[in-house]
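Participant: Quick note: the sequence shown uses the numbering used here, first residue 2, plus one each step.
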Amino acid sequence: YWISGALTLVGLVPVRMLVPEIAPAKHQAAFDYTGAMLLFAVIASLLSLPTWATNFGKESPITWAIVVVGISALVVLWRHSKRAPNPVIDLGILSRGAFATPSAIYWLHMIFSSGVVYSLAFFINSRPGGTA
2 YWISGALTLV GLVPVRMLVP EIAPAKHQAA FDYTGAMLLF AVIASLLSLP
52 TWATNFGKES PITWAIVVVG ISALVVLWRH SKRAPNPVID LGILSRGAFA
102 TPSAIYWLHM IFSSGVVYSL AFFINSRPGG TA
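(1) Nearest CA to the CA of A31: which residue from I94, N87, Y2?
(2) With a threshold of 16 other CB atoms inside 10 Å of the CB of A122, please say whether the residue is buried or exposed.
(3) State whether the stretch 60-69 contacts the stretch 19-34, with contact taken as three or more CB pairs (one from each stretch) at a distance under 8 Å.
(4) How should A74 be labelled, buried or exposed, when 16 other C-beta atoms within 10 angstroms of its C-beta is the threshold for buried?
(5) Once DSSP output is grouped into helix, strand and coil, what is the label at L80?
(6) Could you tell me which uninterrupted alpha helix (DSSP H) segments, each at least 4 residues in length, are contained entirely in the stretch 20-80, listed from first to last along the chain?
(7) Could you tell me the alpha carbon to alpha carbon distance between M38 and K83, rounded to whole angstroms?
(8) DSSP state of I90, grouped into three classes?
(9) Leaving out the 5 sequence neighbours to the left and right, which residues in its chain are closer than 6 Å to A42 when beta-carbon positions are compared?
(10) Which same chain residues, not among the five before or five after I90, have their C-beta less than 8 Å away from its C-beta?
Structure follows, in structure tokens:
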């Protein structure tokens, strides 16, 4: 616990020194309620899909309805975010290398880290007397 706190403080120093201050916008547009609802639909679909697929199976119309709703909401959110004056998800930031590169590295790290964790759980469960 204390090590994590100390490392956080150490990590804040280079961020404070290297990341420039961004001036707030003079005029901000209203909150994007449409984008927020679309984002909610995408996240709800992603989070509920494994449970529904486990309970009803891969061939269930409910499972496929959730897949269609999630993908449709994602496409509409993407198109809406390009037109909204103050989008919930700013797609313009993805074109900046200073943001996209660390984000891609983080996602790759999370994918491989999750794979290792799940693989270890299966390995431990398959050993005689092992439980995870």
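C-beta: ideal position from N, C-alpha, C; glycine also.
Facilitator: According to the data block:
(1) Taking the first residue of the sequence shown as 1, we reach residue 31 at position 30. Relative to the Cα of A31, the nearest Cα in the group I94, N87, Y2 belongs to N87.
(2) The count along the sequence shown starts at 1 and reaches residue 122 at position 121. Under this definition A122 is an exposed residue.
(3) The answer is no - the stretch 19-34 does not touch the stretch 60-69, with fewer than three Cβ pairs under 8 Å.
(4) As a first step, residue 74 is located in the sequence shown; it is residue number 73 there, counting from the start. Classification of A74: buried, given that the 10 Å Cβ count is 16 or more.
(5) On the sequence shown, position 79 is the one that residue 80 refers to. In the sequence as presented, Leu is not what sits at residue 80; that position holds Arg. In the structure shown, R80 sits in a helix (DSSP, three-state: H, G or I).
(6) 34-57
(7) By 1-based counting over the sequence shown, the position of residue 38 is 37. By 1-based counting over the sequence shown, the position of residue 83 is 82. Roughly 16 Å between the two C-alpha positions.
(8) On the sequence shown, position 89 is the one that residue 90 refers to. In this structure, I90 counts as coil in the three-state DSSP scheme.
(9) Taking the first residue of the sequence shown as 1, we reach residue 42 at position 41. If you ignore the 5 residues before and after A42, its C-beta comes within less than 6 Å of the C-beta of A74, all in its own chain and listed in chain order.
(10) Taking the first residue of the sequence shown as position 1, residue 90 is located at position 89. So the list reads G36, L40, L78, S82, once near-sequence residues are dropped.
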